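Structure first, then comments.
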């Protein structure tokens, strides 16, 4: 059975996913910028977000949300977390009943601390909600490098049907029923990626990066389990896999933010120079609130928050971590 895909969001990851699904299913992508829409339809490119990349020729773009989703059998939300609610509200009248809605964003809503699938369930009750996540750097996937992702939905039957929509060539998609864990893994790792980038920018070395990744995984797992995720999820693609890729790659937006902070740039300068959103910058605020709410110790996230919002320097952050009490390396949760 061929499913029609409507994807909302014309950034690098949204465009990459749309180009992947267009190989398997008729796909329409919505972008805000009319020039982007014209470029995709005429030249099969999106140079602003995917330089030198050719998109699947039958991918069609529109600047009408209604046109993008009204015939869709699956709706994919490829917009940043803080725009998610507004875009979904605009799309709501045009989405047919019971159509699955899949989230691509890796963040948490500032005002409510909600995950994106919680927002889907709030605005679109009755629609199966899921998330596509994992170690997925858009440019590598678009250019055909081998990669794996996970589609998480409570109903595994629907997730299995959607595997064939998203899988393409060397892009392998696994299923998972732990929506909470998969979504939190993608959101929380962005803060650790900023920390890793800071270390790289300050030339702290490979040992430091390994320590940040490892202790960062323990940190996000503690909070993730407290919020209802499964421990095994954080050892998989949505947890460890995504964390390693994001903390180690210069292609990661969150690592880039940290790296430039480590080089001495201000957050305002860094964000002003970027084309796309680094979700970890805003998620850091939410995570500090959640850590307090669930009484979870998150020393790395706390130090990153202080750098982003309290005027601390990168050196202050590393000094703060060194002062933190060293405990036992026991299993999280």
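Numbering (the numbering used here), first residue to last: 178 to 510. Cβ coordinates follow ideal geometry from the N, Cα and C atoms, glycine included. Small disclaimer: the values here were computed from a predicted structure and weren't measured.
Assess contact between the region 409-424 and the region 347-367, defined as three or more Cβ pairs (one per stretch) separated by less than 8 Å. Is contact present?
Counting Cβ pairs under 8 Å, three or more are found: they touch.
Any idea which residues DSSP pairs residue 330 with across the strands?
Note: residue 330 sits in a beta bridge opposite 307.
Do residue 480 and residue 494 have their C-beta atoms within less than 7 Å of each other?
Yes. Within cutoff.
Which of helix, strand or coil does DSSP assign to residue 403?
Helix at residue 403.
From the DSSP secondary-structure annotation, give me the bridge partner or partners of residue 205.
Answer by DSSP bridge pairing, in chain order: 183 and 237.
Going by DSSP in three states, residue 292 sits in which element: helix, strand or coil?
Looking at residue 292 - three-state DSSP - the assignment turns out to be coil, as it is neither helix nor strand.
Looking only at DSSP bridge pairs, what is residue 227 linked to?
In the DSSP output, where bridge partners are listed per residue, residue 227 has 223.
May I ask which residues mark the beginning and end of the alpha helix (DSSP H) holding residue 367?
Here the alpha helix (DSSP H) through residue 367 covers 356-378.
Between the C-alpha atoms of residue 291 and residue 383, what's the straight-line distance to the nearest angstrom?
Computed Cα separation, rounded: 34 Å.
Between residue 183 and residue 222, is the Cβ-Cβ spacing less than 7 Å?
No. Outside cutoff.
Excluding sequence positions up to five away, which residues of its chain have a Cβ less than 7 Å from the Cβ of residue 346?
Closer than 7 Å at Cβ, skipping near neighbours: 321.
Quick check: the Cα distance between residue 399 and residue 282, rounded to an integer number of angstroms?
Each residue's alpha carbon lies about 22 Å from the other.
Do three or more CB pairs link the region 200-213 to the region 315-334 at distances below 8 Å?
No, the region 200-213 does not touch the region 315-334.
For the region 428-436 against the region 360-377, are there 3 or more C-beta pairs whose distance is under 8 Å?
The region 428-436 vs the region 360-377: in contact.
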